[in-house]
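Q: In my numbering, the protein residues as written are 1022 to 1232.
Don't be surprised by glycine CBs; every beta carbon is placed ideally from N, CA and C.
Remember, predicted model here, so these are calculated numbers, not experimental data.
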Amino acid sequence: MKNCYTTLSEEILSIAKCEGDSTLLRRQLFYIRQSKLEKSLDTNDLRKTFWINIYNAFYHIISKETVDSDIIFTLKRIKIARSLLSLNDIEHGILRKNKFKMGFGYVTNPFYSDFIKALAVKELDYRIHFALKSICLKNLTIDYYDSDIINEQLQKITKKIIKSETHFDINLKSITTSKFLFSYHRDFGGLRSIKKLLQTTLEKDIKGYTL
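1) Anyone know if the C-beta pair for Y1230 and K1194 falls short of 7 angstroms?
2) In chain order, what residues of the same chain lie with their CB nearer than 8 angstroms to the CB of S1061, ignoring the 5 residues before and after it?
3) Report yes if the C-beta distance between I985 and T1064 is below 7 angstroms; otherwise report no.
4) Enumerated in chain order, which unbroken segments of the beta strand (DSSP E) with a length of 3 residues or greater are wholly contained in the segment 1066 to 1111?
5) Contact check, E1040 vs K1100 under 8 angstroms by CB: the rounded distance?
6) Measuring only the C-alpha atoms, how far is I1053 from Q1174?
7) Within 10 angstroms of its Cβ, does L1151 collect 16 or more other Cβ (buried), or is it exposed?
8) Need the endpoints of the beta strand (DSSP E) that H1188 sits in, please.
9) Measuring straight from C-alpha to C-alpha, what distance separates S1104 and K1225?
10) For S1195, write down the residues that DSSP places opposite it in a beta bridge.
11) Hey, is the segment 1082 to 1096 in contact with the segment 1131 to 1149, meaning 3+ C-beta pairs nearer than 8 angstroms?
12) Note down, in chain order, each residue of its chain lying with its Cβ closer than 6 angstroms to the Cβ of T1087, except the 5 sequence neighbours on either side.
13) Can you find the residues in the same chain that come closer than 6 angstroms, C-beta to C-beta, to R1098, ignoring five residues on each side of it along the sequence?
14) Let me confirm a value: F1051 is counted as buried when at least 16 other C-beta atoms fall within 10 Å, else exposed. Which label applies?
15) Would L1161 and S1168 be called neighbours here (beta carbons separated by less than 7 angstroms)?
16) Could you tell me the boundaries of the alpha helix (DSSP H) in which R1054 lies?
17) Looking at G1114 and Y1205, is the spacing between their C-beta atoms short of 7 angstroms?
18) Given a cut-off of 7 angstroms, decide if I1111 and Y1147 are closer than it, judged by their beta-carbon atoms.
19) Between the C-alpha atoms of R1048 and K1177, what's the straight-line distance to the nearest angstrom?
20) Closest to F1121 by C-alpha separation, out of D1208, K1180 and E1186, would be which residue?
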């Protein structure tokens, strides 16, 4: 049986992508009880699914409503369970499990609200970075994230972005890849783990190459 809250997140995202009116569905989000949301989203997969979909949906909604692109991520326009959130709150507080935006993923932010702390993922999954990055991709094959297959979906989008954004300089023996891997390198386990991720994903021997 499908989770009602992840289903709601899927519906809002689908409408947002079509630039439709999701007012009624967003009203449902606002009047959800926090206790029910916590109880229903009782696994990491359910939480990742719900919050990635909500993030993607409100990125489209806020982008459409806001001329100044510099403030899209900080505007507290997302109303859930009578709490106001920004895209940054969802990304760094919930999906990155209470981390500061700065600090390469090493520093926990103790100042997030009780709501954010209660609804944060139980364990950080580095692949969420690729899911959020994919908002700007053209020809995206994932319409929304589904908790039943989210691991396969995250693997797919991770591989797609790594393949499209990683380049090798054979002469210099160097690798250039997505900047966010370095900005949040602790989320990935450190630079050595990033290099291993690239090697595994690309199925390429990169011994001797530097990032």
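A: On the basis of the data shown:
1) As a working note, residue 1230 is residue 209 in the sequence shown. As a working note, residue 1194 is residue 173 in the sequence shown. Note that the C-beta distance between Y1230 and K1194 is below 7 angstroms.
2) Position 40 of the sequence shown, counting from 1, holds the residue named residue 1061. Shown here for S1061: same chain residues with a beta carbon closer than 8 angstroms to its own, the five before and five after excluded, namely N1024, C1025, Y1026 and L1067 in chain order.
3) Residue 985 is absent from the model: the chain starts at 1022 and stops at 1232.
4) Fully enclosed beta strand (DSSP E) runs of no fewer than 3 residues occupy 1099 to 1101 and 1104 to 1106 of the segment 1066 to 1111, in order along the chain.
5) Looking up residue 1040 in the sequence shown gives position 19. Looking up residue 1100 in the sequence shown gives position 79. The pair is not a contact, with the Cβ atoms about 20 angstroms apart (cut-off 8 angstroms).
6) To locate residue 1053, count along the sequence shown from 1; it is residue 32. To locate residue 1174, count along the sequence shown from 1; it is residue 153. For I1053 and Q1174, the gap between their C-alpha atoms comes out near 27 angstroms.
7) Numbered from its first residue, the sequence shown carries residue 1151 at position 130. The displayed chain sequence assigns Phe, not Leu, to residue 1151. Buried, since its Cβ has 16 or more Cβ neighbours within 10 Å.
8) As a first step, residue 1188 must be located in the sequence shown, where it is residue number 167. Element bounds for H1188: H1188 to D1190.
9) Residue mapping note: residue 1104 aligns to position 83 of the sequence shown, counting from 1. Residue mapping note: residue 1225 aligns to position 204 of the sequence shown, counting from 1. Cα-Cα distance, rounded: 46 angstroms.
10) Start at 1 with the first residue of the sequence shown, and residue 1195 comes out as number 174. D1190 and T1231, per the DSSP bridge assignment.
11) no
12) Numbered from 1 along the sequence shown, position 66 holds the residue referred to as residue 1087. Closer than 6 angstroms at the Cβ level, and outside the excluded window around T1087, lie I1093.
13) Here residue 1098 refers to the residue found at position 77 when the sequence shown is read from its first residue. Excluding the 5 residues flanking it on each side, R1098 has same chain C-beta neighbours closer than 6 angstroms at I1083, in chain order.
14) To locate residue 1051, count along the sequence shown from 1; it is residue 30. The residue in question, F1051, is exposed, as its Cβ has fewer than 16 Cβ neighbours within 10 Å.
15) Within the sequence shown, numbered from 1, the residue matching residue 1161 stands at position 140. Within the sequence shown, numbered from 1, the residue matching residue 1168 stands at position 147. Between L1161 and S1168, the gap from beta carbon to beta carbon reaches 7 angstroms or more.
16) The residue labelled residue 1054 in the question sits at position 33 within the sequence shown. Element bounds for R1054: n/a, residue is neither H nor E.
17) One-based indexing of the sequence shown puts residue 1205 at position 184. One-based indexing of the sequence shown puts residue 1114 at position 93. No.
18) Counted from its first residue, the sequence shown places residue 1147 at position 126. Counted from its first residue, the sequence shown places residue 1111 at position 90. Against a cut-off of 7 angstroms, the Cβ pair of I1111 and Y1147 comes out as no contact.
19) Residue numbering aside, residue 1048 sits at position 27 when the sequence shown is read from its first letter. Residue numbering aside, residue 1177 sits at position 156 when the sequence shown is read from its first letter. Using only the alpha carbons, I get a separation of about 32 angstroms.
20) Here residue 1121 is taken as the residue at index 100 of the sequence shown, counted from 1. Out of D1208, K1180 and E1186, D1208 has the C-alpha closest to the C-alpha of F1121.
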